[in-house]
Every structure is written in C-alpha cells, then in structure tokens.
Amino acid sequence: MTVLPTLAPDVVLQSTMLVLRATTLISEASDPAEQQQRQEELERVVNSPDAWGLITPFLEYDSDPNVQFYGAHILGVKIARAWNTLDTSIHFPLRDSILELTGRAIALQRPKMVLRRLYIAITAIALKLTTASPPQWSDFLTSSLLALQSQGANKEALLEFMTIAVEEVHRAPKGSKYSSYISINLHKTECRHFDIIAITLQMLSTQRFLPSWTPLLAPSFLLRAKRRRTC
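Using the working numbering, you'd call the opening residue of the sequence shown number 1 and step up by one each time.
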C-alpha cells in the first residue's frame, strides 16, 4: 500500500495536460522566451504542494514518456528538497512504495531515461537513511535487488540499477558515511546476486568514477563470486 497521496482525477488530468503541452512546445518552439515560459510552467508543477500525488499517475501514464519522466523527476526533486519535511514514520513506507513503483516501471518497459531517474531516487533515499543518526537501511543493495527481482526484474535491469547506485554513492558529498555501509552490504549479499555484483564491479573497475573502497573490495569479491557460483 502506497503512502503517496491520491489526487482528484481532474487535478491529475490538468497537470498531465500541462506537461504534455509544455514538453511539446519546448521541443517545437523557436522563441527562447516561449521556451522559458513553458519551462517555468513545468517547474511550478514539480514544486507544487500537490506534486507528491502526481508521481504515481505520471509514472503509470502509458501514452507519453515525457509524462512518465516527469513522474520520476518529481520524485527526485521531492527527495532532495522536501525529505526533511517528512515525518520519519513514513520514510520506510515511502521507500517501499518507490521500490514497488520502480519494479512496475521495469515490468512495463519504461524508457531508460525514466528508469534511471527512479534508480537515482532509490539511491538518494538510501543515502538519506544511511547517513541519518542512527544509520538505517544499511542493507540497501541487497534489499533493493531482492525487491526488484521479486517483481520480475531481469539481470539486465538489476545490473543497470547496481551500476547507477555505485555512481550515485560516489557522487555523494565527501565525508559521507555510506561507503562503509555499502562495502559491508556487498559482503553480506546473498549468493543469487553475486554474479550481478561481480559483473558490475568488473565493468566499473575500468572507469574513473569508482568509489575509493572499490579497488580494495573488487578483487576479493570477484574471487568469492567465482568460488560460490555453484551455491
């Protein structure tokens, strides 16, 4: 059961039509002033008090990927700007709702630009929770993989999620506590996810955005993955 608010159908329809008109006009308009005006209209939608209630209907709008994208975009903005205004009692229910919405988006084969925003949002929630006092959701990777897999996410989707999660953790502010939690979590990950994480670490080991803990972790983790492949 989601904790996201439910808006009246006419409110959802009005916001949906605004996004459709604005995104169309932005792509077609040659007048910079008109483009700016439409962009400001979109920003008002994103920042409105009702925006939490637009996330689900936007993500489930089948007719236009721009509306789906704005559903995921609103989610990211709200986590970044309004997290501290939320009662702590809904942090975990909200997390679970977002994991469920993301699993549905994967099953519906939403565009990668939409899925990427959702993966970033999940990781942003994890960073908020694991850097709280006391830290929470230290098993972020394991529980996220399990939640998405339980909704039918295939290995490709899980690999993409894992890659984006590592990227986002690395971009977190210096001094973040999360790298230690993510390292511990990798060592605790269940056997069924070893191949996914091993592939991700192997792929990321050739790139420059790796977190500082990964060069130390990757060799031993890959060895463990190889040894446990038959479990």
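From the three backbone atoms N, C-alpha and C, an ideal C-beta is built for every residue, glycine too.
Whole-angstrom distance between Gln109 and Ser144, CA atom to CA atom:
Spanning the two alpha carbons is a distance of roughly 18 Å.
Nonlocal neighbours in the same chain, by C-beta distance under 8 Å from Ile79, ignoring five residues either side:
Ala121, Ala124, Ile125 and Lys128, listed in sequence order.
Classification of Ile90 by the beta-carbon crowding that lies within 10 angstroms, buried from 16 upward:
exposed
Could you spell out the range, first to last residue, of the alpha helix (DSSP H) harbouring Ala165?
Lys155 to Arg171
Along the alpha helix (DSSP H) that carries Pro9, what are the first and last residues, could you check?
Pro9 to Glu28
Let me check understanding here. Comparing Cα to Cα, which of Arg117, Ala8 and Ala153 lies closest to Phe69?
Arg117
So, is Arg208 buried or exposed, given that buried needs 16 or more other C-beta atoms within 10 angstroms?
Confidence is the limiting factor: at Arg208 the pLDDT is only 43, short of 50, which leaves the residue's position unreliable, though a coordinate-based value still follows. Exposed, by the Cβ-count rule.
Just to confirm, does Ile26 get its C-beta within under 7 Å of one of the non-hydrogen atoms of the ligand FMN?
Only the bare structure without any ligand can be found here, which leaves the ligand FMN out of the picture.
When the distance is taken between beta carbons, is Leu4 closer than 8 Å to Ile74?
In this structure, the beta-carbon distance from Ile74 to Leu4 does not fall below 8 Å.
Is it buried or exposed for Thr88, if we count other Cβ within 10 angstroms and need 16 for buried?
exposed
Three-state secondary structure (DSSP) of Glu100
Three-state DSSP puts Glu100 in a helix.
Provide the residue span of the alpha helix (DSSP H) that contains Gln36, from first to last.
Pro32 to Asn47
Please report the residue range of the alpha helix (DSSP H) in which Gln120 lies.
Contrary to the premise, residue 120 reads as Ile rather than Gln in this sequence. The continuous alpha helix (DSSP H) containing Ile120 extends over residues Lys112 to Thr130.
Rounded to the nearest angstrom, what separates Lys112 and Ala132 at their Cα positions?
30 Å
In angstroms, rounded to a whole number, what distance separates the CA positions of Leu115 and Leu148?
C-alpha of Leu115 to C-alpha of Leu148: approximately 12 Å in a straight line.
Beta-carbon contacts of Thr23 that lie in its chain and below 6 Å, excluding the five residues immediately before and after:
Asn66
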